[in-house]
Amino acid sequence: MVSKRLYFDGPPEISSEFDTSYSIVLHEGYAGEFLKTIPDNEITLIVTSPPYNIGKIYENKRSIEQYLEEQEEVINEVVRILSDDGSICWEVGNYVEKREVFPLDIFFYDMFKKRGLKLRNRIIWRFGHGLHASLRFSGRYETILWFTKSDDYKFNLDPVRIPAKYPGKRHFKGPNKGKPSGNPLGKNPSDVWEVVASDWEKGIWEIPNVKANHPEKTQHPCQFPVELVERCVLALTDKDDWVLDPYCGVGSALIAGLVHERKGIGCDKEHEYVEVAKKRIKALFGGTLKRRPLGKPIFKPTGSERVSKLPDEWNDEEGDNKLL
Ligand SMILES: C[S@@+](CC[C@H](N)C(=O)[O-])C[C@H]1O[C@@H](n2cnc3c(N)ncnc32)[C@H](O)[C@@H]1O
Numbered sequence: 574m575v576s577k578r579l580y581f582d583g584p585p586e587i588s589s590e591f592d593t594s595y596s597i598v599l600h601e602g603y604a605g606e607f608l609k610t611i612p613d614n615e616i617t618l619i620v621t622s623p624p625y626n627i628g629k630i631y632e633n634k635r636s637i638e639q640y641l642e643e644q645e646e647v648i649n650e651v652v653r654i655l656s657d658d659g660s661i662c663w664e665v666g667n668y669v670e671k672r673e674v675f676p677l678d679i680f681f682y683d684m685f686k687k688r689g690l691k692l693r694n695r696i697i698w699r700f701g702h703g704l705h706a707s708l709r710f711s712g713r714y715e716t717i718l719w720f721t722k723s724d725d726y727k728f729n730l731d732p733v734r735i736p737a738k739y740p741g742k743r744h745f746k747g748p749n750k751g752k753p754s755g756n757p758l759g760k761n762p763s764d765v766w767e768v769v770a771s772d773w774e775k776g777i778w779e780i781p782n783v784k785a786n787h788p789e790k791t792q793h794p795c796q797f798p799v800e801l802v803e804r805c806v807l808a809l810t811d812k813d814d815w816v817l818d819p820y821c822g823v824g825s826a827l828i829a830g831l832v833h834e835r836k837g838i839g840c841d842k843e844h845e846y847v848e849v850a851k852k853r854i855k856a857l858f859g860g861t862l863k864r865r866p867l868g869k870p871i872f873k874p875t876g877s878e879r880v881s882k883l884p885d886e887w888n889d890e891e892g893d894n895k896l897l
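Residue numbers in the sequence shown follow the numbering used here, run continuously in steps of one, and reach 897 at the last position.
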């Protein structure tokens, strides 16, 4: 069958049901039911921020036990459809009841672990703003649990490297004495992803939270920044792989996959969000989607320390890194 893949060469066709002849699937309905229509071992990256049971307009708050029981059904399905070389990135914060905090990743860790998945990173996504607490410290981070199904998983570090703080460092002994000790493509971005602070200064990834004045903001109350998912897409998938978000909201994870020529699947129970997701995907292909591009961090060496400068071997005539 001819694939209806249309990367940047016309408006994409979106299927409302899983169909391998499409590159975009957007389903309005319940995740637990929709996932049953996807074959085993099909999906390379499942990335999501599930409902946290904190009383957002799209959820009925219930007990933590009841909430977790409901999540079991979806977790059974995501593990079943994940490819052997694939990854799950499960982004969660805290559930709070009568001022007691329940860190959801602790509960989700056990749920994935008992199904045989292996944790590769517990990524801290830190942001500088939010509600101010008065009887405990204000919460300023959420976590992403990155699990794989096997030990033979996709991991592409080079597309997500960030500039090193001191690219001019050299080996001071051994056979490589005097040669640059870093990687000319940059360093590993680490497992702490930061909002606002420059990753050159702090060594952490810069991903602004989606707030009212952010170019990506829609009516959704807790949207993913596309940039956050782009890093997972680039590191954990290859072109043409499927990226799936079972609780896709306004489609941020699909957009992050589609901009990098992956195929996208999303499901959300709210008609309003699915409609916004469709509009955003159309705007993406029409070149009008407002999006904060995956940021190359600002590189501002003071010039005063030798190790802040690029090694001469990496410089081109203009003084830029010719190896990037
Ligand atoms: C935390 S939000 C995800 C937002 C999304 N990451 C984005 O960038 O827009 C959770 C989403 O799950 C949806 N949802 C809640 N329960 C669901 C269910 N059982 N099946 C499908 N979607 C559900 C909600 O409507 C909401 O949009």
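Here a beta-carbon is modelled for each residue, glycine too, at the ideal position from N, C-alpha and C. Here the structure is a predicted model, which is why all the values come from computation and not from measurement.
Item	Value
Residue 615 (DSSP reduced to helix, strand or coil)	coil
Check: residue 846 C-beta below 7 Å from any heavy atom of ligand 1	yes
Buried versus exposed call for residue 850 [16 or more other C-beta atoms within 10 Å across all chains shown]	buried
Simplified DSSP state of residue 736, which is helix, strand or coil	coil
Per DSSP, cross-strand counterpart(s) of residue 600	840
Residue 749 - DSSP class collapsed to helix/strand/coil	coil
Three CB pairs or more closer than 8 Å across the stretch 646-661 and the stretch 711-727	yes
8 Å Cβ cutoff met for residue 664 and residue 697	no
Minimum length 3: unbroken beta strand (DSSP E) runs contained in the stretch 683-730	691-699, 714-721
Residue 591 versus residue 598 - alpha carbon distance	6 Å
Simplified DSSP assignment, three categories, for residue 873	Caution applies to residue 873, whose pLDDT of 46 falls short of 50 and renders its modelled position unreliable; the model cannot decide the point.
Cβ neighbour criterion (16 or more within 10 Å) applied to residue 801	buried
DSSP-derived helix/strand/coil call for residue 797	coil
Contact check, residue 661 vs residue 611, beta carbons under 8 Å	no
Status (buried if at least 16 other CB within 10 Å, exposed otherwise) for residue 835	buried
8 Å contact criterion, which residue 734 and residue 759 should meet: CB distance rounded	3 Å
3-residue-minimum beta strand (DSSP E) runs that sit fully inside the stretch 626-668, ordered along the chain	655-665
Between the CA atoms of residue 633 and residue 845 - distance to the nearest angstrom	17 Å
Beta carbon of residue 883 nearer than 8 Å to that of residue 740	yes
Whole-angstrom distance between residue 853 and residue 859, CA atom to CA atom	10 Å
heavy atom of ligand 1 below 7 Å from residue 796 C-beta	yes
Backbone secondary structure at residue 817 - three-state DSSP	strand
N-terminal and C-terminal residue of the beta strand (DSSP E) that residue 676 is part of	673-676
Residue 714 Cβ short of 7 Å to ligand 1 heavy atom set	no
Contact set for residue 820: own chain, Cβ-Cβ below 8 Å, skip 5 residues either direction	604, 621, 622, 623, 624, 840, 841
Between the CA atoms of residue 702 and residue 637 - distance to the nearest angstrom	26 Å
Residue 668: CB within 7 Å of a non-hydrogen atom of ligand 1	no
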